[in-house]
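Novice:
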Amino acid sequence: MNLITKIHKVPFWSWFWFILGVLYFVLPLYATLVFSLQMERDTLSFKAYESAFADPEFLKTFTYSIGLAIMTIIASIALVVPTAYWIRLRLPEARRIVEFITLMPFVVPAIILVFGLIRIYSAPLNIPFTSITLIPPLTNFKVGTNILIIAGYIVLGLPYMYRSVDTGMRTVDVRTLTEAAQSMGANWGTIVVKVILPNVRTALLSGALLTFAIVVGEVILASFLGVPAFGPYLFLLGQHRAYEPAALSFTSFLLTWAAMGIIQLITGGQGQTTGAH
Amino acid sequence: MAYLELNNISKIFGKTTAVSNFNLKVDRGELVSFLGPSGCGKTTTLRMVAGFENPTEGKIIIDGKDVVNKAPNQRDVGMVFQAYALFPNMTVANNIGFGLKIAKKSPEEIKKRVQEMLDLIHMSDFGIRYPWQLSGGQQQRVALARALAMSPQVLLLDEPLSALDAKIRVSLRAEIRSIQQKLGITAIYVTHDQEEALSISDRIVVMYDGRTEQIGTPFQIYNFPETAFVASFIGTLNSFNAEVTDLKNSILSIGGLHLTTAENLEGRKVGDKVMIAIRPERINFSSEQKKANLFDCSIENITFLGSIVRIQVKVGDLRLFMDTFNNPFLELPKIGSTAEITCSREAVIILNQEMI
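Following this line, the structure appears as C-alpha cells:
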C-alpha cells in the first residue's frame, strides 16, 4: 500500500482534528517568529535577535537561570527517585498521598508558595523555647535565597518530575528487577546505580526537561525573592520593548526543542521491554 | 540429611494466613514443584526461601544453616521470574555476568563463565544482543543462565513458563529439567500447570489454601491422591459420595449401584459415608470377560481432545467421564446408544476428605 492510498484511508475527522491541533500549536509560534523578524520596516531581519543577545543582562540572567535549573534538576532527582522507588517497592499504599502532594502546585498558586517561603524564612528559625538559631534568615543572604528559590522550584516541578519517574518505574517493573538483582547478590547502592537509574533514564530526562522549561521561564518566585533570573528579565523587557521579547521567546522554544532532540538521541532504541517474536 | 529444609513455615499478612505450618525436606539435586491454584501460597513460600518475604514463623535451612535472618543477597539462591526480569539496559552477556561482577570475579573468569552459560542454553552467539531483541522463550533461557551463572545452592523458578505459548512451554520445560539434572542443582519450581509439574518434577507438593495437601512423586500424586482436593486438581476425575455396604467384600454403594474397591476398609463400618474417585482413563467399555464393576450405560456426549477421546456416559442417575486413546481406526459408539462399561477394583479410590 503506497503513502497516498494510506492517507486516503484515514477518516476525514481524523485529518480535521489533526490539522486543527497543528494549527493551534504552530500558528502562535509562527506569528512570534514573523513578528520577531520585523524589527526593521518592510524587511525581515535578525535585528531583534542581535539586539536581545547584545544586552549583557540577557546572558547574565539566562546563565543564572540555567544554573538554577541544573541545581533544581539534581535536587529533584535526589528527592524524587528514591521516593518513587521506595513507594513502588515497599509502600504502595502511600502512592495516593504522595501523588496528591506532588499535585499541590496545580492547586496552590506560586504566589502563595513564595509568600509562605518569605514569611517563614525571612526570620531566624530557633529551637523552640530557646534562643538558639537553627536556620538563619535565608532571605538575608544570596546563598540562602538561592536555596529558597531552588526549593520552590522543586515544588513547582514535582508534578512533572514525580510522574515521569513513577511512570518510568512502572514501565520497567522495578520491583522484579530489584528482586532479580538482590538474588544475584547486589546491595541497594548497586541496584539503584546499575539497574534502576539506567532503566528510568528516559523518564528522568523527560522530567528534567520539563523542570528546566519551568525554571527558565518562571517569573513569580524569582521576582518576589529578588533574584536576577531570566523570567523577570523577559517580563521587564516585554514592558519596554516589542520585538526583543518575541525573539527571546522563540529562542526559548528552539532551546526546548533542541533539548528534546538530545533526549531522543540519547535514549533512542532504549526502554523496550517486550520480547521480539 | 536434607539439603533444603522448611520447618513449620507460616506467613501471615495482616489477617490473612498465606502459608500455614509448611514442612518440606528437599534432597541435594532434587527438583520439587509447588503446585496449586492461584492464592494457595506456593509463590509466597518460594519468596520466603528467596528471602523476599520473611516467614512469620519457622526455619529455612539450606545445607545445614538457618537462612531466615539473611538478606536475599546473602542467601546464595538463584531465581528465575515469571516476567523474565532481565535488565533491559544490559546485553545478554552482561545480564548473565551481573552476579559474577557483584562477586568481584576477574574479567577473564566472568567471560569464560558467561560463554559456558550461553553454550548451556544453546545461545552461544546471542551475548551481544539486548533482551528486547529476543523472543520470550529466549529471554527466559537467558534468565535461567543468569540464575545459574553464580552456581547457587538452590535454584528457584517462579512460574517461569507462564508467559510463553504452549509449544515453547513444552520444549523449554524439558530443557530446564535437562539442565537441572546435568548440573545436579537443587531446585524448587512453582507452577499452577499440573502437566508441567507432573512432567518435570522428582516430587510435587500440592498446596491449597496455604496448606500442604500432599507431597509425593508425580506417579503417586496422580494415581494415589490422598485428599479430595488433590484428586480433583490433578487430572479429570469422577467423584461421588458413597456408602460402605459390605466390609468383607469391600463393596460401596452409590444410589442403587454397587462398586467393589481394592482399598482397605479397615476401621470403617457398614453405613459409613465415604468420598470415592475414579479416573476417566480407568473406565473401559466391557470386553467379554466378566469384571468386578460392570454397568449398563447410555452414551451422552463424545468430545475429541486430540490424543484422547472423552466420552460422557450415564449410569443410572450418575454421570461419568471415560477416556479412551485416540487412533484413526477407533470405533466410537453413537450418542444415545447403550453400552457396558467396567472398571477394576483398584480404580476405585477412597479419598480422605469431603469433596471441595
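Respectively, the protein sequence lines represent chains P and Z. Residue 1027 is where the first sequence starts when you use our numbering, and the numbers rise one by one after that. Residue 147 is where the second sequence starts when you use our numbering, and the numbers rise one by one after that. Note that beta-carbon positions come from the ideal geometry of N, C-alpha and C, so glycine has one too.
Tyrosine 1195 of chain P CB to nearest chain Z CB: under 8 Å?
Specialist: The residue you call residue 1195 of chain P lines up with position 169 of the first sequence. Inspection of the sequence shows that residue 1195 of chain P is occupied by methionine rather than by tyrosine. So, not an interface residue.
Novice: Report the residue from P:Thr1193, P:Pro1131, P:Tyr1188 and P:Ile1153 whose alpha carbon sits nearest the alpha carbon of alanine 1101 of chain P.
Specialist: As a first step, residue 1101 of chain P is located in the first sequence; it is residue number 75 there, counting from the start. That would be P:Tyr1188, whose Cα lies nearest to the Cα of alanine 1101 of chain P.
Novice: Buried or exposed for phenylalanine 1167 of chain P, please, with buried defined as at least 16 other CB atoms from any protein chain shown within 10 angstroms of its CB.
Specialist: For the purposes of this step, residue 1167 of chain P is taken as residue 141 along the first sequence, with counting starting at 1. Classification for phenylalanine 1167 of chain P: exposed.
Novice: Terminal residues of the continuous alpha helix (DSSP H) containing asparagine 1306 of chain P?
Specialist: Outside the displayed span of chain P (1027 to 1303) sits residue 1306 of chain P, for which this structure offers no information.
Novice: How many angstroms separate the CA atom of glycine 273 of chain Z from the CA atom of asparagine 235 of chain Z?
Specialist: Here residue 273 of chain Z refers to the residue found at position 127 of the second sequence. Here residue 235 of chain Z refers to the residue found at position 89 of the second sequence. Computed Cα separation, rounded: 14 Å.
Novice: When burial is assigned at 16 or more other CB atoms within 10 Å of the CB, is glycine 245 of chain Z buried or exposed?
Specialist: Walking along the second sequence from the start, residue 245 of chain Z turns up at place 99. Buried, by the Cβ-count rule.
Novice: Rounded to whole angstroms, what's the CA-CA distance from threonine 332 of chain Z to glutamate 255 of chain Z? Just pull it up for me.
Specialist: Translated into positions along the second sequence, residue 332 of chain Z becomes position 186. Translated into positions along the second sequence, residue 255 of chain Z becomes position 109. When rounded, the distance between both Cα atoms is 24 Å.
Novice: Name the chain Z residues that come within less than 7 Å of aspartate 1199 of chain P, Cβ to Cβ?
Specialist: The count along the first sequence starts at 1 and reaches residue 1199 of chain P at position 173. Simply Ala229.
Novice: Does any C-beta atom of chain P lie closer than 8 Å to the C-beta of isoleucine 334 of chain Z?
Specialist: Along the second sequence, one-based indexing puts residue 334 of chain Z at 188. Answer no: the Cβ-Cβ gap between isoleucine 334 of chain Z and chain P never drops below 8 Å.
Novice: Just checking my contact of tyrosine 1269 of chain P with methionine 1065 of chain P at CB under 8 Å: how many whole Å lie between their CB atoms?
Specialist: Within the first sequence, numbered from 1, the residue matching residue 1269 of chain P stands at position 243. Within the first sequence, numbered from 1, the residue matching residue 1065 of chain P stands at position 39. Right, the Cβ-Cβ distance comes to about 4 Å (below 8 Å), so this counts as a contact.
Novice: Which runs of the beta strand (DSSP E) fall wholly inside the region 401 to 444 of chain Z and span at least 3 residues, in chain order?
Specialist: Here the runs fully enclosed are 403 to 406, 419 to 424 and 429 to 431.
Novice: Give me the residue from Z:Cys186, Z:Ala231 and Z:Thr470 with the minimum Cα distance to glutamine 1208 of chain P.
Specialist: For the purposes of this step, residue 1208 of chain P is identified with residue 182 of the first sequence, where counting begins at 1. It is Z:Ala231 whose Cα lies nearest to the Cα of glutamine 1208 of chain P.
Novice: Closest by CA to isoleucine 1153 of chain P, which one among P:Tyr1147, P:Ile1161 and P:Thr1069?
Specialist: What you label residue 1153 of chain P is simply residue 127 of the first sequence in a count that begins at 1. Closest option to isoleucine 1153 of chain P, Cα to Cα, is P:Ile1161.
Novice: Give the interface partners of methionine 225 of chain Z over in chain P, defined as CB-CB distance under 8 Å, in chain order.
Specialist: Reading the second sequence from its first residue, position 79 is the one you call residue 225 of chain Z. In chain order: Glu1205, Ala1206 and Ser1209.
Novice: Mind listing which residues of the region 1216 to 1228 of chain P have their C-beta closer than 7 Å to chain Z's C-betas, in chain order?
Specialist: Answer set for the region 1216 to 1228 of chain P: Thr1216, Val1221, Pro1224 and Asn1225.
Novice: Can you have a look at leucine 192 of chain Z and say buried or exposed, based on whether 16 or more other CB atoms are within 10 angstroms of its CB?
Specialist: For the purposes of this step, residue 192 of chain Z is identified with residue 46 of the second sequence, where counting begins at 1. Answer is buried; the Cβ neighbour count reaches 16.
Novice: Which chain P residues are close to proline 253 of chain Z, counting only those with a beta carbon under 8 Å from its beta carbon?
Specialist: Within the second sequence, numbered from 1, the residue matching residue 253 of chain Z stands at position 107. What proline 253 of chain Z touches in chain P: nothing, since even the nearest Cβ is about 16 Å away.
Novice: Buried or exposed: which applies to glutamine 327 of chain Z, given that a residue is buried once 16 or more other Cβ atoms fall within 10 Å of its Cβ?
Specialist: To locate residue 327 of chain Z, count along the second sequence from 1; it is residue 181. Result: exposed.
Novice: Applying a beta-carbon distance threshold of less than 7 Å, which residues of chain Z neighbour alanine 1212 of chain P?
Specialist: Numbered from 1 along the first sequence, position 186 holds the residue referred to as residue 1212 of chain P. The contacting residues are Asn219 and Ile248.
Novice: In chain order, which continuous runs of the alpha helix (DSSP H) of length 4 or greater are located wholly inside the region 346 to 410 of chain Z?
Specialist: The region 346 to 410 of chain Z contains these whole alpha helix (DSSP H) runs: 364 to 369 and 374 to 379.
Novice: Using 8 Å for Cβ pairs, my map puts methionine 1195 of chain P next to arginine 1114 of chain P. What's the rounded Cβ distance?
Specialist: Here residue 1195 of chain P refers to the residue found at position 169 when the first sequence is read from its first residue. Here residue 1114 of chain P refers to the residue found at position 88 when the first sequence is read from its first residue. Confirmed, Cβ separation roughly 5 Å.
Novice: Could you name each continuous beta strand (DSSP E) segment of 3 residues or more that falls completely within the region 437 to 488 of chain Z, going from the start of the chain to the end?
Specialist: Fully enclosed beta strand (DSSP E) runs of 3 or longer: 439 to 450, 454 to 461 and 464 to 471.
Novice: Please say whether glutamate 446 of chain Z and valine 459 of chain Z have beta carbons closer to each other than 8 Å?
Specialist: Taking the first residue of the second sequence as 1, we reach residue 459 of chain Z at position 313. Taking the first residue of the second sequence as 1, we reach residue 446 of chain Z at position 300. Cβ distance < 8 Å, so valine 459 of chain Z and glutamate 446 of chain Z count as in contact.
Novice: Going straight from the alpha carbon of leucine 318 of chain Z to that of phenylalanine 227 of chain Z, what length do you get?
Specialist: By 1-based counting over the second sequence, the position of residue 318 of chain Z is 172. By 1-based counting over the second sequence, the position of residue 227 of chain Z is 81. The straight-line gap from Cα to Cα measures roughly 14 Å.
Novice: Can you look up proline 334 of chain Z in the DSSP assignment and give me helix, strand or coil?
Specialist: As a position in the second sequence, residue 334 of chain Z is number 188, starting the count at 1. It should be pointed out that residue 334 of chain Z corresponds to isoleucine in this sequence rather than to proline. In the structure shown, isoleucine 334 of chain Z sits in a strand (DSSP, three-state: E or B).
Novice: Can you find a C-beta in chain Z that's less than 8 Å from the C-beta of threonine 1277 of chain P?
Specialist: Sequence index remark: in the first sequence, residue 1277 of chain P carries index 251 (1-based). By this cut-off, threonine 1277 of chain P is not an interface position.
Novice: Under 8 Å Cβ to Cβ from serine 270 of chain Z, same chain only, skipping five residues before and after it: list those, please.
Specialist: Here the question's residue 270 of chain Z lines up with position 124 in the second sequence. Around serine 270 of chain Z: Gln261 and Leu264.
Novice: Could you tell me whether the Cβ of threonine 1202 of chain P comes closer than 8 Å to any Cβ of chain Z?
Specialist: In the first sequence, residue 1202 of chain P corresponds to position 176, counting from 1. It does: the Cβ of threonine 1202 of chain P has a partner Cβ on chain Z nearer than 8 Å.
Novice: What is the rounded straight-line gap between the Cα of phenylalanine 168 of chain Z and the Cα of methionine 194 of chain Z?
Specialist: One-based indexing of the second sequence puts residue 168 of chain Z at position 22. One-based indexing of the second sequence puts residue 194 of chain Z at position 48. Those two C-alpha atoms are separated by around 11 Å.
Novice: Do leucine 294 of chain Z and glycine 224 of chain Z have their CB atoms nearer than 8 Å?
Specialist: Start at 1 with the first residue of the second sequence, and residue 294 of chain Z comes out as number 148. Start at 1 with the first residue of the second sequence, and residue 224 of chain Z comes out as number 78. Going by C-beta atoms, leucine 294 of chain Z is nearer than 8 Å to glycine 224 of chain Z.
Novice: So which of Z:Phe198, Z:Gly413 and Z:Leu497 has the shortest CA-CA distance to isoleucine 367 of chain Z?
Specialist: Looking up residue 367 of chain Z in the second sequence gives position 221. Closest option to isoleucine 367 of chain Z, Cα to Cα, is Z:Leu497.
Novice: What does methionine 263 of chain Z touch in chain P if you count any residue whose Cβ is under 7 Å from its own?
Specialist: Locating residue 263 of chain Z in the second sequence gives position 117, where the first residue counts as 1. Within chain P, no residue comes near methionine 263 of chain Z; the closest Cβ sits about 13 Å away, beyond 7 Å.
Novice: Counting pairs of beta carbons, one from the region 470 to 477 of chain Z and one from the region 393 to 404 of chain Z, are three or more of them closer than 8 Å?
Specialist: No, because fewer than three Cβ pairs between the region 470 to 477 of chain Z and the region 393 to 404 of chain Z fall closer than 8 Å, the two stretches do not touch.
Novice: Does any residue of chain P bring its CB to less than 8 Å from the CB of proline 201 of chain Z?
Specialist: The count along the second sequence starts at 1 and reaches residue 201 of chain Z at position 55. It does not: the Cβ of proline 201 of chain Z has no partner Cβ on chain P nearer than 8 Å.
Novice: Considering only the alpha carbon of each residue, which of P:Asn1172, P:His1034, P:Ser1232 and P:Thr1277 lies closest to phenylalanine 1084 of chain P?
Specialist: As a first step, residue 1084 of chain P is located in the first sequence; it is residue number 58 there, counting from the start. Comparing Cα positions, the closest option is P:Thr1277.
Novice: So valine 300 of chain Z is in the beta strand (DSSP E); what residue range does that whole segment cover?
Specialist: Indexing the second sequence from 1 puts residue 300 of chain Z at position 154. Note, valine 300 of chain Z: beta strand (DSSP E), 300 to 304.
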